[in-house]
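Report on the structure given below.
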Amino acid sequence: MLFTTTEHTRLTMNEHTKHFIEQRIEADIASNKYEGKVVTRFPPEPNGYLHIGHAKSICLNFTMAANYRGRCHLRFDDTNPTKEEQEYIDAIKADVTWLGFQWDSLHHTSDYFEQLHDFAVKLIEQGDAYVCELNSEQMREYRGTLTEPGKNSPFRERSVEESLTLFAKMKAGEFEEGSHVLRAKIDMSSGNINMRDPVLYRILKATHPHVGDTWNIYPMYDYAHCLSDAIEQITHSLCTLEFQDHRPLYDWIVERLFPEPRPQQIEFSRFNLSHTITSKRKLKKLVDDNVVDGWDDPRMATLTGVRRRGFTPSAIRAFMESVGISKNDSVTDMSLLEEFVRDDLNQHAPRVMCVTKPLKIVLTDLDDDHNETLTLANHPQKPELGERKVAFTKTIYIEQEDFQLEPEKKFFRLAPGKEVRLRGSYVIKCNEVVTDANGNVTELHCTHDKDTLGKKPEGRKVKGVIHWISASVHRRCQVRIYDRLFNVEHPGASKDWDELMTKVNPLSLTVLDDCLIEENLASTAPESHFQFERLGYFVIDRYCQDEKALVFNRVVALRDSWSKQA
Ligand code: ATP
Ligand code: MG
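In the working numbering, the protein residues as written are 5 to 570.
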């Protein structure tokens, strides 16, 4: 059912101490509570794109099902017709698939509207629910506070028949929005406010993206969620800690309508990542306010964003596995995720040379038409990744930064009169510097030592190795250097939007046009990864369709430059 039931998952499963969810599942298997079955679900509300926080829940739900030979459902929790869109449904499916998981069945809470309605009728008949006519302000007043009990609604003791009639009229669209609600009859003096006769149904005369205009009443999350779990025979309903106080209500509702064995809700802590925002509402505002170029901007913490940035699903899964499951809220450092991405790409990405800010070099001791083919390994440790051919010609380009007119101490790259090695090629020496009228260096005249191909130079040490590209044999490309969108650790802690906007990193994107890259790339397919020698890991942009106009996004630098600053 799952691409990730790999050796890795199985190994780490055996090695690590079982977390509390695994312990609970194993206890239930041992006691045969669900006849040995394990059924989980990932239940997103389709009101935005998934973010990196959701990846935690996805990995957990699908991995638990896979590890215990169970099933995992994908369920769209579409009870709020005003915020939900088909675009989001499609994007969520694509993201879950990209992350490497395949749901065993696909559901929508709206598929159950008829059943949920019938259950509500049953609750009324059992004396467990009633139609209430308090308006929202009165409801708030009657609800009480954390320290004071609430008061019973004057409609609480109305007859079953009257509630049934009114509920039917609510359904038929005979009342205005806000005039009537269906409430559970629990306990207005409960210490848990969620148990003070919570609303189960409200009137909403909205068109639903899935079921159209069929309904004038819509179930509340707390009512729909637990019953959807029960209908689908979910065994372990895994959710984040903020739902802990809702668990008594979850159990109360299910107990009144379903026999044992019932689904059980188990909470774990939300996953938070430093330097990012993981709230669909705020991510949407970043898009709406054009702070970024869309939900899939490579600086966004959405799954579609990190995908376009070039983060790999296997790195994200391994990272989530290492972070583990807990009951304590914490923030994980972005550098750790980047380290997993780096590790993954280090193993798999072919190497290539790309010059982003070119400086011209003329090798004066070569003939004008010199064209020598050099062979370079695609990966220093993995011969199975093959080799590539690189043209060495009279004119080449190096990175501007790899030359200093007056070299600083410990600058081992090119400088007047100095030598440097060209990666996979010869040692060259800078004999002459050509400048323009303003004194800017425009080109260097160098000679090469023909005895240094794959060999150390005689009688001297040359420390520096730099990357380079032939001036006549190469491709042109655009390189986008992405960095973190926020330059503070906890952007989510900003008290308002204006404050958040002051935390945006002005250097989060630098676009470099006319970069030069080797002609023989291992692949020019969108989403192919490379290590640009000395520069970092890069990916061909997901939407790059024209192989003559290649666009590369920087995934991560070769080393972490952020933790040093801290
Ligand atoms: P948001 O506040 O961004 O809208 P949400 O929790 O409302 O997030 P849902 O679509 O309701 O988003 O979430 C689907 C599932 O993903 C839920 O089970 C939820 O608990 C889980 N989830 C959401 N955010 C996180 C997170 N940061 N860490 C772990 N699980 C999460
Ligand atoms: Mg939600």
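All residues carry an ideal CB built from backbone N, CA and C; glycine is no exception.
Identity of the residue in the options nearest residue i by Cα
i, options, result
"A322", "G309, M304, D347, Q535", "D347"
"I56", "R144, T149, T360, L287", "L287"
"M192", "F536, R147, T151, S61", "R147"
"L150", "S326, N198, F105", "N198"
"I281", "D81, L204, E493", "E493"
"A319", "N65, I25, V560, S35", "V560"
"L168", "D132, L242, F315", "D132"
"H58", "P265, N276, D226", "N276"
"F274", "Y134, Q385, V335, L457", "One detail in the question is off: residue 274 reads as Arg in this sequence, not Phe. Nearest option by C-alpha distance: V335."
"S329", "I257, K60, E178", "What sits at residue 329 in the sequence shown is Ile, not Ser. Selected option, being the one with the closest Cα: K60."
"Q90", "V215, P495, R187", "V215"
"L138", "D122, K155, F123", "K155"
"G182", "P158, M143, L554, V164", "M143"
"H2", "Q269, S232, C450, F179", "With the chain running from 5 to 570 in the structure shown, residue 2 is simply not present."
"F179", "G540, H449, N220, E259", "N220"
"H240", "S498, L511, I33", "I33"
"L367", "Y430, D337, T377", "Y430"
"R285", "Y222, D293, G52, R480", "G52"
"R355", "R538, V437, D550", "R538"
"A553", "F490, D564, G540, A529", "A529"
"K433", "N442, A441, G443, H449", "H449"
Under the three-state DSSP convention, the category residue i falls into
i, result
"N3", "The requested residue 3 is not part of the displayed model; the chain covers only 5 to 570."
"M505", "helix"
"L103", "coil"
"C230", "helix"
"P302", "coil"
"G40", "coil"
"H23", "coil"
"V291", "helix"
"P223", "strand"
"V438", "strand"
"E551", "coil"
"I33", "helix"
"L363", "strand"
"G216", "strand"
"T316", "coil"
"D517", "strand"
"L2", "The chain is shown from 5 up to 570; residue 2 falls before or after that span and cannot be answered."
"Y116", "helix"
"F66", "helix"
"S283", "coil"
"I329", "coil"
"G540", "strand"
Those residues which DSSP pairs with residue i across a bridge
i, result
"A133", "A188"
"W472", "I402"
"E91", "The partner list for E91 (beta bridge, DSSP) is empty, contrary to what the question assumes."
"P265", "The partner list for P265 (beta bridge, DSSP) is empty, contrary to what the question assumes."
"K433", "E423, T451"
"A381", "E391"
"S334", "F275"
"E522", "Paired residue(s): none; E522 is not in a bridge."
"N375", "T397"
"T244", "F272"
"H111", "R79"
Closer than 8 Å to chain B by CB, residue i
i, result
"I96", "Of the chains in the structure shown, none is chain B; there is only one protein chain."
Cβ neighbours of residue i in the same chain (closer than 6 Å, five flanking residues each side left out)
i, result
"T13", "With a pLDDT of 45 at T13, under the threshold of 50, the modelled position of this residue cannot be trusted, and the question is left open."
"L185", "As written in the sequence, residue 185 is Val, which differs from the Leu given in the question. Excluding positions up to five away in sequence, the list reads C136, V203, R206."
"Q404", "K361, L363"
"K590", "Outside the displayed span of the chain (5 to 570) sits residue 590, for which this structure offers no information."
"L54", "I96, D99, L307"
"L340", "none"
Residues near residue i in its chain [Cβ-Cβ closer than 7 Å; skip 5 each side]
i, result
"A228", "T83, T113, L120"
"M17", "Confidence at M17 is low in this model, with a pLDDT of 49, below 50, so its placement is unreliable and the value that follows should be read with caution. Closer than 7 Å at Cβ, skipping near neighbours: N71."
"E391", "T379, L380, A381, N382"
Neighbourhood of residue i by C-beta, 8 Å cutoff - its chain only, sequence neighbours within 5 removed
i, result
"A98", "T308"
"S476", "N375, A395, T397, T399"
"R313", "P302, R303, Y486, V543, N557, V559"
"F416", "V424, K467, G468"
Near ligand 4: residue i beta-carbon under 7 Å from a heavy atom
i, result
"E91", "Ligands in the displayed structure: ligand 1 and ligand 2; ligand 4 is not one of them."
Checklist entry - Does the region 42-49 touch the region 298-311, meaning 3 or more C-beta pairs lie closer than 8 Å? => result Put simply, the region 298-311 does not touch the region 42-49. Fewer than three CB pairs are less than 8 Å apart.
Item to check | Segment contact, 8 Å Cβ cut-off, at least three pairs: the region 79-92 with the region 121-134 | outcome: At 8 Å Cβ cutoff, the stretches do not touch.
Item to check | Cβ contact (3+ pairs, closer than 8 Å) linking the region 103-110 and the region 69-83 | outcome: yes
Next on the checklist: For the pair the region 409-425 and the region 466-482, tell me if three or more CB-CB distances fall below 8 Å.
Outcome noted: Yes: the two stretches touch, three or more of their Cβ pairs being nearer than 8 Å.
Checklist entry - Quick one: any contact between the region 295-302 and the region 61-68, if contact means 3 or more CB pairs under 8 Å? => result no
Checklist entry - Should the region 534-547 be called in touch with the region 334-353, which here means at least 3 C-beta pairs below 8 Å? => result yes
Checklist entry - Would you call the region 376-387 and the region 409-421 in contact, with 3 or more CB pairs under 8 Å? => result no
Checklist entry - Okay, do the region 503-511 and the region 450-463 touch, 3+ Cβ pairs below 8 Å being the bar? => result Segments in contact, no.
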